[in-house]
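Only one structure is covered here, and it is reproduced in the block below.
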Amino acid sequence: MASAPTRSPRSSVDAEGRALPMTEAEVRARAEAIAHGLKALDDVGDDEEQRQTFDALVEAIDADRLSDRKRFR
């Protein structure tokens, strides 16, 4: 499991919401951090666990609906 970053990255927008320029090194570091985070998501749960979770969510959403029409399946 990846550890949490020790400090927050510099904000990419100012107080008015305008984009601030970033150095090439900052862009590269953010891209690497994003790629690392996405790779870590691949390790969360296996396919069977994800299928069971999805099936449970679909069943819960379709349960006790006001209409007889199902959202799924």
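Sequential numbering of the sequence shown, starting at 525, is according to my numbering.
Glycine residues also receive a C-beta, built at the ideal position from the N, C-alpha and C atoms.
Treat the numbers as computed from the prediction; the structure is a model and nothing was measured.
According to DSSP, residue pairing for Ala-543 in a beta bridge involves Val-537. Within the same chain, no Cβ atom closer than 8 Å to the Cβ of Glu-540 is found once the five residues on either side in sequence are excluded.
The Cβ atoms of Arg-595 and Asp-586 sit closer than 8 Å to each other.
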